[in-house]
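*Asks:* Anchor point for the sequence shown: position 541 equals 541 in UniProt numbering, and the numbering is continuous, going up by one each time. Glycine is no exception: its CB is placed at the ideal position from the N, C-alpha and C atoms. Handing you this structure, nothing more for now.
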Amino acid sequence: MNAHVPITVHREPADPPATPSTRGSQDDQITVTRGLTPRAVLAGLAIGVLINLSNTYYGLRIGVASQMSMVSSLLGFAGFKLISRYTSVPFSPAENVLLVSVATATGAMPVTAGFVGVIPALEYLIGPEDNGPLVMAWQKLALWSVALCFFGLIFAAWLRPHFIERQNLPWPGARATANLISTLHHKAPVPTPTLPGPCASGSNVQSEQHTLSYGHGPSEENQPLFSRASSIDWNSAVNWLIKGASMSGLLTIVMFFIPILHNVPIFGKPAAKDWLWSIDVSPGFFGQGIITGPTIPIHMLVGAIVGWGILSPYAKSKGYAPGKVDDWENGPRGWIIWVSLAALLADASVKLGWFILKPAHTVYCQRDGQVRTKLRSLRRDIEMRLGFESREPAYHVVSTEDDDSPTVDGRNISGMHVTKDEQEASEMSLSWSVLGLILFVAIVACVLAMQVMFGMIRWYYTMLAIFLSLPMAVVGIRSLAETDYNPESAIVSQLVFASIISQSNPNGIIINLLSAAVAQAGANQSGDLSYDFKVGHLVGARPDIQTWGQIIGSIVGAFVSCSIYRLYASQYTIPGPLFRVPSSFLVLSTARLLMGRGLPEGVAPFALGAAILSAAGTVVKMRYSGQWWEKFLPSGVAFAIGIYNTPSFTITRAIGGLLYLVHKRRNGGQAGHSVIFASGLLLGESLASLVTIALTAAKVSQLGGD
1 MNAHVPITVH REPADPPATP STRGSQDDQI TVTRGLTPRA VLAGLAIGVL INLSNTYYGL
61 RIGVASQMSM VSSLLGFAGF KLISRYTSVP FSPAENVLLV SVATATGAMP VTAGFVGVIP
121 ALEYLIGPED NGPLVMAWQK LALWSVALCF FGLIFAAWLR PHFIERQNLP WPGARATANL
181 ISTLHHKAPV PTPTLPGPCA SGSNVQSEQH TLSYGHGPSE ENQPLFSRAS SIDWNSAVNW
241 LIKGASMSGL LTIVMFFIPI LHNVPIFGKP AAKDWLWSID VSPGFFGQGI ITGPTIPIHM
301 LVGAIVGWGI LSPYAKSKGY APGKVDDWEN GPRGWIIWVS LAALLADASV KLGWFILKPA
361 HTVYCQRDGQ VRTKLRSLRR DIEMRLGFES REPAYHVVST EDDDSPTVDG RNISGMHVTK
421 DEQEASEMSL SWSVLGLILF VAIVACVLAM QVMFGMIRWY YTMLAIFLSL PMAVVGIRSL
481 AETDYNPESA IVSQLVFASI ISQSNPNGII INLLSAAVAQ AGANQSGDLS YDFKVGHLVG
541 ARPDIQTWGQ IIGSIVGAFV SCSIYRLYAS QYTIPGPLFR VPSSFLVLST ARLLMGRGLP
601 EGVAPFALGA AILSAAGTVV KMRYSGQWWE KFLPSGVAFA IGIYNTPSFT ITRAIGGLLY
661 LVHKRRNGGQ AGHSVIFASG LLLGESLASL VTIALTAAKV SQLGGD
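Written as structure tokens, this is what we have:
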């Protein structure tokens with residue numbers, strides 16, 4: 001995992017003492033700093049809509065979503081800096097945290113509501129044999145989104161005291177975002193924590209959030225953001241963001257008129273047509289490779305070579321997959337996805353198992369250490385009584401949780417300038433009674449919505465799916481805190497429902513998919529919003545204000561996400577050349593497998609081999625995390641995504657990662673503004689897609705084609 005480089009800040013002169021003429025403005029500033037300010041909420045909603053658009057676009061294309069917390073913070077700060085002459089109160093760090101919280105909640109809704117996974121599967125992939133397809137009007141989609149938009153934030157607020165305040169977890173991405181906010185507003189940077197020994201931090205897994213179909217997490221968080229150790233040149237950073245967005249938007253429009261650029265046959269036309277070995281020069285793909293760095297894309301490329309270069313021709317030649325190569329039902333793509341699914345299931349099972357067992361392992365280590373200490377003390381006491389001199393040095397167990405020494409919770413670290421007011425503000429949460437009332441209303445609304453929309457779903461199935469998301473939220477938050485990786489949570493719900501629903505039930509597939517959507521909504525959203533809670537805790541913002549901001553962002557995001565999804569679906573074929581919806585095929589394939597549909601002919605030994613190798617590789621990577629050679633061992637998640645996504649995406653992303661590596665080496669190991677530029681590439685392409693939608697609706701002719 002890339003370590004964030006602390007940024008040295010040039011301090012501004014201290015403010016003069018308050019006078020009668022200035023005390024009023026200072027009181028206003030305190031109000032702005034501590035309250036739910038409309039300007040921060042509105043700015044967060046505006047930025048969140050952009051992130052929502054980006055996540056819907058890339059989620060439908062390649063199954064990837066991003067939080068973009070750093071970009072939200074930078075855009076918000078730059079926007080208020082530009083209009084600072086027209087405002088009487090400066091934009092505060094706490095407002096920046098509120099802005100990021102609102103933007104995250106708004107932008108995360110395409111994943112939370114299943115618009116990049118379950119909903120396309122219900123509307124476009126299941127057939128009459130499964131009582132489908134289920135095409136829903138906009139009103140029903142909006143009802144569905146609102147029904148799912150509260151569980152994750154309530155779970156995150158409930159679990160906040162445990163994971164944010166009491167446990168010494170690293171939160172690398174959240175710490176980097178808090179560092180950026182603190183430095184932008186001329187506060188002390190947040191120190192990078194040093195974790196205790198192996199019993200406390202035994203398995204920091206390499207960050208993979210950038211490649212997850214239901215990502216968790218932010219894409220850019222662990223990269224060094226600026227190249228020089230000085231006060232942040234926010235103007236330069238914003239310029240690079242605008243440059244990336246402008247170049248990306250222009251190229252995206254050009255690619256609309258020249259669609260062959262989505263399928264450049266660099267290995268020859270037969271390889272591109274018959275086996276899908278081509279390159280898509282979409283700028284957002286390059287940007288994702290730059291953001292992640294080279295390691296994960298190279299692992300994905302290994303998966304693409306195995307899946308599309310070896311297994312796909314093998315299945316075709318043996319007659320296991322006689323259809324076209326891109327056919328999910330009878331072609332090689334539908335055959336190799338089972339190998340991908342096996343690798344994902346094995347990787348997720350190992351990680352989920354470890355995060356469940358890790359607390360017991362930690363307690364065992366602590367008790368073992370206490371027993372050893374008592375035995376040493378007893379032996380020294382006996383030796384002293386017998387007149388022997390102990391030659392062992394005295395060992396003292398230092399508590400990492402209950403003492404008064406500096407900790408990594410962001411509030412008690414030497415050199416961290418958090419005021420008393422900020423410390424008190426960071427501890428002001430909504431009461432449990434308020435959260436319980438909101439949860440009760442959310443459960444009732446979800447049950448009623450499911451009954452109205454899907455009468456075949458019994459109310460207690462919905463309740464079970466909701467409660468399944470709570471333990472998965474615990475696992476996801478802890479995993480995200482340690483590794484910036486939120487494990488796949490829908491699989492657990494699908495497995496549980498497959499065990500209680502009869503395989504002869506004609507609605508079995510639909511029930512399995514809907515249960516996965518409900519459980520995943522709570523688990524994934526809680527991870528994303530807990531991330532923002534940690535940012536606020538480090539900066540000194542009020543969590544109750546963050547919670548209200550997240551509620552507002554989630555409600556608005558619910559309506560925005562269904563509108564954007566319906567807009568794309570109205571103008572493009574799903575699945576089609578642009579929106580291949582790989583995440584939808586993945587969750588549907590999982591449901592069919594668990595409901596007893598079986599595996600395609602000939603794929604079982606390869607799926608078993610992929611599962612064994614993925615599980616073994618995950619164990620090794622967790623056990624030897626941080627070793628120099630560990631990055632050369634392919635990740636099970638990245639390997640699987642290289643199989644279920646087409647090579648055109650994987651190759652482009654790998655090129656982006658290599659470009660980042662070359663740029664970094666040429667700049668003395670510094671990334672400069674490359675990550676900000678890459679984020680602009682992502683935003684620019686998704687924004688330009690609105691222009692291409694208009695061109696498509698107007699039936700503008702294209703130049704060339706496949």
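1. In the DSSP assignment, find the unbroken alpha helix (DSSP H) run with Ile551 in it and report its ends.
2. Quick one: using the 10 Å Cβ neighbour count with 16 as the cut-off for buried, is Phe467 buried or exposed?
3. With Ile564 and Asn52 assumed to form a contact (beta carbons below 8 Å), what rounded beta-carbon distance in angstroms separates them?
4. Sort out for me which residues DSSP pairs Ile279 with in a bridge.
5. So, under 8 Å CB-CB, Gly642 and Met300 are touching, yes? Tell me the CB distance rounded to an integer number of Å.
6. By the three-class DSSP mapping on this structure, what secondary structure does Glu601 have?
7. Quick one, which of Ala694, Ser674, Ile500, Ile305 has its alpha-carbon nearest Gly287's?
8. Anyone know if the C-beta pair for Gly557 and Thr183 falls short of 9 Å?
9. On a CA-only basis, which of Leu658, Phe256, Ile279 is nearest Phe267? Give me that one, please.
10. Pick from Pro128, Pro270, Phe579: whose alpha carbon is nearest that of residue 793?
11. Throw me the rounded Cβ distance for the Trp338 and Leu599 pair, which I believe falls under 8 Å.
12. Starting from the Cα of Val496, find the closest Cα among Ala516, Ala315, Arg478 and give me that residue.
13. So what does DSSP say about Met68, is it helix, strand or coil?
14. Classify Ala156 as buried or exposed, calling it buried when 16 or more other Cβ atoms lie within 10 Å of its own Cβ.
15. Three-state secondary structure (DSSP) at Thr650?
16. Once DSSP output is grouped into helix, strand and coil, what is the label at Gly684?
17. In the structure shown, what three-state DSSP assignment does Ser583 receive?
18. Under a three-way DSSP split, which group does Met456 fall into?
19. For Ser499 and Gly353, I'd like the C-alpha separation in whole angstroms.
20. Please name the residue, chosen from Leu60, Ser69, Arg566, Gly527, that lies closest to Gly44 on a Cα-to-Cα basis.
21. Measure the beta-carbon distance from Ala113 to Trp138 and round it to whole angstroms, keeping in mind my assumption that it falls under 8 Å.
22. Closest to Lys140 by CA distance: which of Phe454, Pro294, Ala94, Leu99 is it?
23. Tell me which residues share the same chain as Ala304 and place their Cβ nearer than 6 Å to its Cβ, disregarding the 5 neighbours each side in the sequence.
24. Report the start-end ranges of each alpha helix (DSSP H) in the region 60 to 145 that is 4 residues or longer and not cut off at the edges.
25. Work out the CA separation of Thr177 and Ser72 for me, nearest whole Å.
26. Compare the Cα-Cα distances from Glu129 to each of Arg592, Ile253, Ala541, Ala521 and report the closest residue.
27. Skipping 5 residues on each side, what residues in its chain have a beta carbon closer than 8 Å to that of Met255?
28. Between the alpha carbons of Phe77 and Ala342, how many angstroms are there, rounded?
29. Is the beta carbon of Gly257 sitting closer than 9 Å to the one on Val620?
30. If you draw a straight line from the alpha carbon of Val9 to that of Pro93, how long is it in whole angstroms?
31. Should Thr87 be labelled buried (16 or more other beta-carbon atoms within 10 Å of its own) or exposed?
32. Using alpha carbons as the reference points, say which of Ile62, Val64, Ser101 lies closest to Lys42.
33. When the Cα atoms are used, what is the spatial distance from Ala481 to Phe533?
34. Within 10 angstroms of its Cβ, does His162 collect 16 or more other Cβ (buried), or is it exposed?
35. For the alpha helix (DSSP H) that contains Val518, what are its first and last residues?
36. Among Lys351, Leu344, Val325, which has the Cα closest to the Cα of Thr590?
*Replies:* Straight from the coordinates:
1. Position 551 of the sequence shown, counted from the first residue, corresponds to residue 551. Start and end: 543 to 571.
2. Looking up residue 467 in the sequence shown gives position 467. So Phe467 ends up on the exposed side.
3. Position 564 of the sequence shown holds residue 564. Position 52 of the sequence shown holds residue 52. About 6 Å separates the two Cβ atoms, so the contact holds.
4. Translated into the one-based positions of the sequence shown, residue 279 becomes position 279. In the DSSP output, where bridge partners are listed per residue, Ile279 has Val264.
5. In the sequence shown, residue 642 corresponds to position 642, counting from 1. In the sequence shown, residue 300 corresponds to position 300, counting from 1. Right, the Cβ-Cβ distance comes to about 4 Å (below 8 Å), so this counts as a contact.
6. Reading the sequence shown from its first residue, position 601 is the one you call residue 601. The three-state reading of DSSP puts Glu601 in coil, since its state is none of H, G, I, E or B.
7. What you label residue 287 is simply residue 287 of the sequence shown in a count that begins at 1. Among Ala694, Ser674, Ile500, Ile305, the Cα nearest to that of Gly287 is on Ser674.
8. Here residue 557 is taken as the residue at index 557 of the sequence shown, counted from 1. Here residue 183 is taken as the residue at index 183 of the sequence shown, counted from 1. Result no, Cβ atoms of Gly557 and Thr183 do not sit closer than 9 Å.
9. On the sequence shown, position 267 is the one that residue 267 refers to. Phe267 has its Cα closest to that of Ile279, out of Leu658, Phe256, Ile279.
10. Residue 793 lies beyond the stretch modelled for the chain, which goes from 1 to 706, so this question has no answer here.
11. The residue given as residue 338 occupies position 338 in the sequence shown. The residue given as residue 599 occupies position 599 in the sequence shown. Yes, Trp338 and Leu599 are in contact; Cβ-Cβ is about 6 Å, under 8 Å.
12. The count along the sequence shown starts at 1 and reaches residue 496 at position 496. The option with the nearest alpha carbon to Val496 is Ala516.
13. Start at 1 with the first residue of the sequence shown, and residue 68 comes out as number 68. In the structure shown, Met68 sits in coil (DSSP, three-state: anything other than H, G, I, E or B).
14. Taking the first residue of the sequence shown as 1, we reach residue 156 at position 156. Buried, because 16 or more other Cβ atoms sit within 10 Å of the Cβ of Ala156.
15. Within the sequence shown, numbered from 1, the residue matching residue 650 stands at position 650. If DSSP states are grouped into helix, strand and coil, Thr650 belongs with the helices.
16. The residue you call residue 684 lines up with position 684 of the sequence shown. Three-state DSSP puts Gly684 in a helix.
17. Taking the first residue of the sequence shown as position 1, residue 583 is located at position 583. Under the three-state reduction of DSSP, Ser583 is assigned to helix.
18. The residue given as residue 456 occupies position 456 in the sequence shown. Met456 carries a coil assignment under DSSP once its states are collapsed to helix, strand and coil.
19. Reading the sequence shown from its first residue, position 499 is the one you call residue 499. Reading the sequence shown from its first residue, position 353 is the one you call residue 353. In a straight line, the C-alpha of Ser499 is about 19 Å away from that of Gly353.
20. In the sequence shown, the residue the question calls residue 44 occupies position 44. Checking every option, the nearest Cα to that of Gly44 belongs to Ser69.
21. Taking the sequence shown and counting its residues from 1, one reaches residue 113 at position 113. Taking the sequence shown and counting its residues from 1, one reaches residue 138 at position 138. Wrong, their Cβ atoms sit about 13 Å apart, outside the cutoff.
22. The residue labelled residue 140 in the question sits at position 140 within the sequence shown. Measuring C-alpha to C-alpha distances from Lys140 to each of Phe454, Pro294, Ala94, Leu99 identifies Phe454 as the nearest.
23. Position 304 of the sequence shown, counting from 1, holds the residue named residue 304. Contacts found: Gly642, Pro647, Thr650.
24. 69 to 82, 93 to 107, 109 to 112
25. In the sequence shown, residue 72 corresponds to position 72, counting from 1. In the sequence shown, residue 177 corresponds to position 177, counting from 1. Approximately 10 Å between the Cα atoms of the pair.
26. Here the question's residue 129 lines up with position 129 in the sequence shown. Taking only the C-alpha atoms, the option nearest Glu129 is Arg592.
27. Along the sequence shown, read from residue 1 onward, the residue named residue 255 stands at position 255. Only Leu261, His262, Val281, Ser282 meet the Cβ criterion.
28. Start at 1 with the first residue of the sequence shown, and residue 77 comes out as number 77. Start at 1 with the first residue of the sequence shown, and residue 342 comes out as number 342. Each residue's alpha carbon lies about 44 Å from the other.
29. Working through the sequence shown from its first residue, we reach residue 257 at position 257. Working through the sequence shown from its first residue, we reach residue 620 at position 620. At residue 257 the sequence reads Phe, which differs from the Gly that was named. No, Cβ-Cβ distance for Phe257 and Val620 is not below 9 Å.
30. Here residue 9 refers to the residue found at position 9 of the sequence shown. Here residue 93 refers to the residue found at position 93 of the sequence shown. Interpretation of Val9 is limited by its pLDDT of 33, a score under 50 that renders its predicted location unreliable; no figure is taken from the coordinates.
31. Start at 1 with the first residue of the sequence shown, and residue 87 comes out as number 87. With fewer than 16 other Cβ atoms from the protein chains shown falling within 10 Å of its own Cβ, Thr87 counts as exposed.
32. In the sequence shown, counting from the first residue as 1, residue 42 sits at position 42. Just to set this straight, residue 42 is Leu in the shown sequence, not Lys. Cα-wise, what sits closest to Leu42 is Ser101.
33. The count along the sequence shown starts at 1 and reaches residue 481 at position 481. The count along the sequence shown starts at 1 and reaches residue 533 at position 533. About 11 Å.
34. Counted from its first residue, the sequence shown places residue 162 at position 162. By the neighbour-count rule (16 or more Cβ atoms within 10 Å), His162 is not buried but exposed.
35. Here the question's residue 518 lines up with position 518 in the sequence shown. Here the alpha helix (DSSP H) through Val518 covers 508 to 539.
36. As a working note, residue 590 is residue 590 in the sequence shown. Checking every option, the nearest Cα to that of Thr590 belongs to Leu344.
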